[in-house]
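Counted from 1, the sequence shown has number 92 at position 87 by my numbering; the numbering is strictly sequential. Each residue gets a CB set at the ideal place from its N, CA and C atoms; glycine is no exception. Just below is one structure, and these are the notes that go with it.
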Amino acid sequence: MVWYVPPLSPIQSAADAGELGSNGILPDVDSLRIPVQYLANLLTAGDTQPVLLALKRMLAMRHYKRAETVDGKVDTRALEEVGLSEAQAQEMYRYLAIANYEDRLWYRAAIVNWRVTHSRRKAVVALPSAMVATGLIPNSICSTAAASTLLM
Numbered sequence: 006m007v008w009y010v011p012p013l014s015p016i017q018s019a020a021d022a023g024e025l026g027s028n029g030i031l032p033d034v035d036s037l038r039i040p041v042q043y044l045a046n047l048l049t050a051g052d053t054q055p056v057l058l059a060l061k062r063m064l065a066m067r068h069y070k071r072a073e074t075v076d077g078k079v080d081t082r083a084l085e086e087v088g089l090s091e092a093q094a095q096e097m098y099r100y101l102a103i104a105n106y107e108d109r110l111w112y113r114a115a116i117v118n119w120r121v122t123h124s125r126r127k128a129v130v131a132l133p134s135a136m137v138a139t140g141l142i143p144n145s146i147c148s149t150a151a152a153s154t155l156l157m
């Protein structure tokens, strides 16, 4: 899955030009160079409101974490504007910024078990049936220990 994280360059250029939002904390999402309509067509069937809300929430999370790590203080004004709690912002940060491998890619256990079982079946089918039935498997094909695990 691919995550879209707004780049810092539009935010920096908006701050340099004095185009910050009405509260002076975050720039307006509408004034940034983010392809909102493209993202809406891609993710929400053309509805731009959920995309704008998601982008505002990501910017609010970025501001909250910056204030927490750089300034050393907790500033929840931006979170309150978009309706996020501190716990939700921390969880968003965990998944979007520092997600573990297990959190990013999730495989169902049934699929993994099917692959193991399926590979064992393929190995048994690959051996001639007479050799498997009699137990006469030459060492060049596999050892008797491997043959016993295949027959299980």
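| query | result |
| --- | --- |
| Hey, could you find the ends of the alpha helix (DSSP H) Thr81 is sitting in? | Premise fails: Thr81 is in no alpha helix (DSSP H) and is neither H nor E. |
| Check for me: the alpha helix (DSSP H) holding Thr53 runs from which residue to which? | 53-71 |
| Mapping the DSSP letters down to three states, classify Leu37 as helix, strand or coil. | coil |
| Looking at the structure shown, is Asn105 part of a helix, part of a strand, or coil, going by DSSP? | coil |
| Return yes when the Cβ of Leu84 is within less than 8 Å of the Cβ of Ala92, no when it is not. | no |
| Quick one: is Leu58 buried, meaning 16 or more other Cβ sit within 10 Å of its Cβ, or exposed? | exposed |
| With a threshold of 16 other CB atoms inside 10 Å of the CB of Leu48, please say whether the residue is buried or exposed. | exposed |
| Between Thr81 and the rest of its own chain, which residues show a CB-CB distance below 8 Å, the 5 nearest in sequence each way excluded? | Tyr69, Glu91 |
| So what does DSSP say about Leu44, is it helix, strand or coil? | helix |
| Which of helix, strand or coil does DSSP assign to Thr49? | coil |
| Lys61: buried (16+ other C-beta within 10 angstroms of its C-beta) or exposed? | buried |
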